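Residue numbers (the numbering used here), protein chains in the order written: chain A, 6 to 185; chain B, 6 to 185.
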DNA sequence: GACATTTGATTAGGCGCCATACTATGTACC
DNA sequence: GGTACATAGTATGGCGCCTAATCAAATGTC
């Protein structure tokens, strides 16, 4: 059919086959959803491939970038908030980054509970070059998209988003009315 | 601006802010990519929420569904192939599913290396009801999409796909020519 | 000053995924 | 029939994420 078709993950192929066998309604929607998931999975894989040479994961990259340009450092708590992960997760990421020599933990001065995380020379250099490289790569995924196509794509994404749980929570002004 | 906007993960917000501060080119592409990732993350979360009451993850659900309608069972190897994960991963999923009483391992008859995985009563019942429920939910994400919108969306996804590493490998007929 | 409460960071334990390395069984070849 | 190889399954250990529990330091209250 199509010349270039998104190749679905094996599991989604199996799922689709079964749905077809049962002649389930809404197969077209199912396939579309799987294409969406497959695309994101491919992007995630590419991302991991690009960071692997530096011994970084996506989570570690985010931490590195958050610390960049913060010579006085950030606390694990702040990092967790800005990265959108839990504090224990940050602890793990910091362990790995410290092992790799990207940063160091410095004990706090005023509040002795606090730890100040600061990039090493290596960490700073890596963050600087990698940020530009990485955002350039991400941008390149949408190379050739016109402004109109972008807003078309964005509008479609938003329509799906509104069907998700998170999307439904976004408009409580109407839904929050007292039930009759 | 928009009434309903996809709320990005915290980390992507930070990344975007920094890119804006640097007035990096291609910010629009960057934002679009993050919207795509945020949507998929939201779908994954919803999926996990819907499976959690059954003590199932997405991986386990796939295994359950693959075994459904296979009264003679499947081997871990076959399951790994069809689920698109490695054999060690299947071992872990089977451990969990066996603990949960969804299936049992039966030692092979002819080939004593092989193990036959068969669903229990509970596993079969769960698979049956959950498959329909789950695919119905996925389909509902795209409720209200016309056939035209679907193909429009699919076309956009495919365009991005072609920029990924996986997408570039798909057309080796041209790229595979001997280098001069 | 002694108490409970809050806050900061970590540890412990679990899940899902992976890669590597192993054991046991089957198969092919000389 | 014995050696080499392939195959099946798994144990081990790693990573990234989570929740719940723990410990230390700061803070509020009496």
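All C-beta atoms, glycine included, are put in the ideal place defined by N, C-alpha and C.
Quick caveat, the model's predicted, so the values are computed rather than measured.
The residues 32 and 35, in chain order, have a CB closer than 7 Å to that of residue 24 of chain A in the same chain once the five nearest residues on each side in sequence are set aside. According to DSSP, residue pairing for residue 109 of chain B in a beta bridge involves B/123. Excluding its 5 nearest sequence neighbours in each direction, residue 127 of chain A has C-beta neighbours in its own chain below 7 Å: 106 and 107, listed in chain order. Neighbours of residue 168 of chain A in chain B, taken as residues at a C-beta separation under 8 Å, are given in chain order as 145, 146, 147 and 148. In terms of Cα proximity to residue 143 of chain A, the closest of B/42, B/15 and B/14 is B/42. CA-CA distance, residue 120 of chain B to residue 81 of chain B, rounds to 7 Å. Judged by beta-carbon spacing, residue 51 of chain A lies within the 8 Å limit of residue 170 of chain B, meaning their Cβ atoms are closer than that value. At least one CB atom of chain A sits nearer than 8 Å to the CB of residue 155 of chain B. If only complete runs of 4 or more residues are kept, the stretch 63-100 of chain A shows the alpha helix (DSSP H) at 63-72 and 81-88, in order along the chain. Taking CB atoms only, residue 129 of chain A has no neighbour in chain B less than 8 Å away. Among the residues of chain A, none has a CB under 8 Å from the CB of residue 62 of chain B; the nearest is roughly 12 Å distant. In the displayed model, residue 29 of chain B falls within coil according to three-state DSSP, outside both helix and strand. Beta-carbon to beta-carbon, residue 122 of chain B and residue 72 of chain B are separated by about 6 Å, close enough to satisfy the 8 Å threshold. One Cα belongs to residue 63 of chain A, the other to residue 44 of chain A, and the distance between them is close to 17 Å. Only 42, 43, 44, 45, 46, 47, 48, 49, 50, 51 and 54 from the stretch 42-61 of chain B bring a Cβ to less than 9 Å from some Cβ of chain A. Not a single CB atom of chain A sits nearer than 8 Å to the CB of residue 96 of chain B. Taking a 10 Å sphere around the C-beta of residue 40 of chain B, we find 16 or more other C-beta atoms and assign the residue as buried.
With its beta carbon at least 8 Å from every one in chain A, residue 77 of chain B lies outside the interface.
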